[in-house]
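Colleague: Per the working numbering, the sequence shown starts with residue 17, numbered consecutively.
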Amino acid sequence: MAVGKNPYLSQLQLRVTGQLSIYAAPMSVVSHLQWSIESIITLASPWSWQPQPLIPKSQSCSLPFRTTIDNLPRLVSALYEFPNLYAEVVRDPINGGLGERWLITPNLGLRRLDINEFGDAVVDENQLRSAIAAGEQLLEKLSWLIGEPWERELEPLRISPVVENARLLAAGG
Numbered sequence: 017m018a019v020g021k022n023p024y025l026s027q028l029q030l031r032v033t034g035q036l037s038i039y040a041a042p043m044s045v046v047s048h049l050q051w052s053i054e055s056i057i058t059l060a061s062p063w064s065w066q067p068q069p070l071i072p073k074s075q076s077c078s079l080p081f082r083t084t085i086d087n088l089p090r091l092v093s094a095l096y097e098f099p100n101l102y103a104e105v106v107r108d109p110i111n112g113g114l115g116e117r118w119l120i121t122p123n124l125g126l127r128r129l130d131i132n133e134f135g136d137a138v139v140d141e142n143q144l145r146s147a148i149a150a151g152e153q154l155l156e157k158l159s160w161l162i163g164e165p166w167e168r169e170l171e172p173l174r175i176s177p178v179v180e181n182a183r184l185l186a187a188g189g
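#1: Quick check on S76: buried or exposed, where buried means 16 or more other Cβ atoms within 10 Å of its Cβ?
#2: Report the rounded CA-to-CA distance for Q27 versus L158, giving the unit in angstroms.
#3: Can the beta-carbon of I120 be found less than 8 Å from the beta-carbon of L95?
#4: So does the segment 31-40 actually touch the segment 98-107, counting three or more Cβ pairs closer than 8 Å?
#5: Use the C-beta contact count for I53: other C-beta atoms within 10 angstroms, 16 or more gives buried, fewer gives exposed.
#6: Measure the CB-CB distance between D86 and T33 and report whether it falls below 8 Å.
#7: Between I114 and N132, is the Cβ-Cβ spacing less than 8 Å?
#8: Which runs of the beta strand (DSSP E) fall wholly inside the segment 41-85 and span at least 3 residues, in chain order?
#9: For a test of the three-state rule: what should DSSP assign to E104, helix, strand or coil?
#10: With DSSP as the reference, label I131 as helix, strand or coil.
#11: Assuming R31 contacts R82 under a Cβ cut-off of 8 Å, what Cβ separation, rounded to an integer in Å, is found between them?
#12: Write down the C-beta distance between L74 and M43 rounded to the nearest angstrom, noting that I regard them as a contact closer than 8 Å.
#13: L144 by DSSP, collapsed to three states: which one?
#14: Taking the alpha carbon of P89 as the point to measure from, which residue in V45, S146, R127, E156 has its own alpha carbon closest?
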């Protein structure tokens with residue numbers, strides 16, 4: 017048996033699907049980023065990069081993927097190694113269970129959340145008890161538990177390509 021392999025999974029690996037969103041990547045690392053991602057997961061559609069209007073000399077791209085569940089931490093770790101990357105990885109829920117969302121920003125780092133079938137963050141009882149125990153910092157703790165600081169950084173980057181495309185269409189371009 018190989019070192020680091022889970023003996024309980026044997027030859028059966030749980031296949032999962034999800035969405036990879038690169039909201040902003042420096043143009044200088046795009047080809048290396050693609051190579052790194054393709055060495056870990058199977059993309060369900062071709063790369064379709066477009067400029068990220070809010071961050072000069074950066075590109076954005078979003079596409080579905082398929083992989084085994086044990087590859088997801090490898091993917092997120094690989095993404096986290098790229099400087100100045102804004103990204104999100106969402107694993108779809110499996111058999112009525114929870115999915116996962118990883119949020120990556122240069123300022124805040126990495127945050128992992130459990131999510132339901134609608135994409136809402138799911139907070140467990142122990143996390144809530146810990147937040148309540150924080151007393152006066154309850155709102156700050158709850159905000160952190162649902163990934164609000166990451167969402168505030170990523171949301172403008174999520175919508176800017178859509179707004180730019182709508183502007184171009186309205187202008188007849």
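Backbone N, C-alpha and C define an ideal beta-carbon position, used for all residues, glycine too.
Modeller: Put simply:
#1: Counting Cβ neighbours within 10 Å, S76 comes out buried, since at least 16 surround it.
#2: Note that Q27 scores 49 on pLDDT, short of 50, meaning its location in the model is unreliable and no value can be drawn from it.
#3: yes
#4: yes
#5: buried
#6: For D86 and T33, no; Cβs fall outside 8 Å.
#7: At residue 114 the sequence reads Leu, which differs from the Ile that was named. The beta carbons of L114 and N132 sit closer together than 8 Å.
#8: 74-84
#9: strand
#10: strand
#11: 7 Å
#12: Looking at the sequence provided, one finds Ser at residue 74 rather than Leu. Yes, S74 and M43 are in contact; Cβ-Cβ is about 6 Å, under 8 Å.
#13: L144 sits in a helix when the DSSP states are folded into three classes.
#14: Among V45, S146, R127, E156, the Cα nearest to that of P89 is on R127.
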